[in-house]
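One rule links them: number in this note's numbering = place in the sequence shown (from 1) + 26.
Where is the CB? At the ideal position from N, CA and C, for every residue including glycine.
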Amino acid sequence: ISLGNINVLRFAAIYGANASGKSNLVQAMNILKLLVYKGITEVSKNVYCRCNEENKNKESSIECIFFINGSFYAFGIKFLANAGILLEEWLSKISQTNSKEKKIYYYRKNENDLKNIFPLIYKNSEDFHRLETYVFDQNQFETYTSTFIHSLIKKKFTDEKMIFVTDFEKWIDSFDINM
């Protein structure tokens with residue numbers, strides 16, 4: 027499929043030699059969906075490379091690029107699995123003409139400045155003050171275990187600049203993984 031300057035294949039199957047990572051890919055997608063909807067504590071105990079016990083105290087991250095409703099996005103999350111703490115989370119829109127990313131949001135633990143979190147959403151946005159409240163609540167009450175995108179999915183936005191929330195929800199709900 028040709029989408030502007032980007033050519034993509036439809037995802038149809040995962041195949042490869044034994045021990046080549048097929049199950050790990052499916053498991054990573056399952057973990058990402060669980061992280062988004064259930065939070066980090068639900069999946070944190072064994073989400074690290076168990077080849078070395080020291081890994082359980084190291085940062086883990088997952089990032090995916092996906093296409094939905096005519097747009098490419100990159101979503102990522104960084105967390106301390108053993109401690110069950112969300113460290114960073116980001117969502118970018120990728121240009122189809124030059125492949126450059128525009129940060130839609132970049133959330134870090136204890137971040138309160140909306141200009142840093144939402145560089146594309148301006149103060150004249152009708153949802154700006156609601157976002158201020160959601161960021162405050164995320165920092166005060168969520169104990170850094172739930173994802174920011176999940177907090178946004180639960181809300182109903184009217185501003186067209188927030189369409190990324192609906193797009194993300196459609197995408198993450200579209201892959202059906204045994205849960």
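Entirely enclosed beta strand (DSSP E) segments - the segment 100-126, minimum 3 residues
111-120
Could you check if residue 205 is buried or exposed, using at least 16 other CB atoms within 10 Å of its CB as the buried criterion?
To locate residue 205, count along the sequence shown from 1; it is residue 179. Low local confidence applies: a pLDDT of 39 at residue 205 is under 50, so the model's placement there is unreliable, and no value is given.
Assign residue 78 to one of three DSSP states: helix, strand, or coil.
Here the question's residue 78 lines up with position 52 in the sequence shown. Three-state result, residue 78: coil.
Going by other Cβ atoms of all chains shown within 10 Å of its Cβ, with 16 needed for buried, is residue 191 buried or exposed?
Position 165 of the sequence shown, counted from the first residue, corresponds to residue 191. Residue 191 comes out buried.
Pop quiz: residue 40 and residue 51 are said to be a contact at Cβ under 8 angstroms. What is the actual Cβ separation, rounded to whole angstroms?
Counting from one through the sequence shown, the residue named residue 40 turns up at place 14. Counting from one through the sequence shown, the residue named residue 51 turns up at place 25. 6 angstroms between Cβ atoms; contact.
Using DSSP with H/G/I as helix, E/B as strand and the rest coil, what is residue 205?
Numbered from 1 along the sequence shown, position 179 holds the residue referred to as residue 205. Summary for residue 205: the model assigns pLDDT 39, below 50, so the residue's position carries little reliability; its value from the coordinates is reported in the next sentence. In this structure, residue 205 counts as coil in the three-state DSSP scheme.
Could you tell me which residues DSSP pairs with residue 86 in its beta bridges?
Residue 86 sits at position 60 when you count from the first residue of the sequence shown. DSSP lists 105 as partners of residue 86.
Evaluate the contact criterion for the segment 77-85 versus the segment 115-124: three or more CB pairs, one atom per stretch, below 8 angstroms.
no
Considering Cα atoms alone, identify which of 160, 94, 115, 106 is closest to residue 197.
Stepping through the sequence shown from its first residue, residue 197 is reached at position 171. That would be 94, whose Cα lies nearest to the Cα of residue 197.
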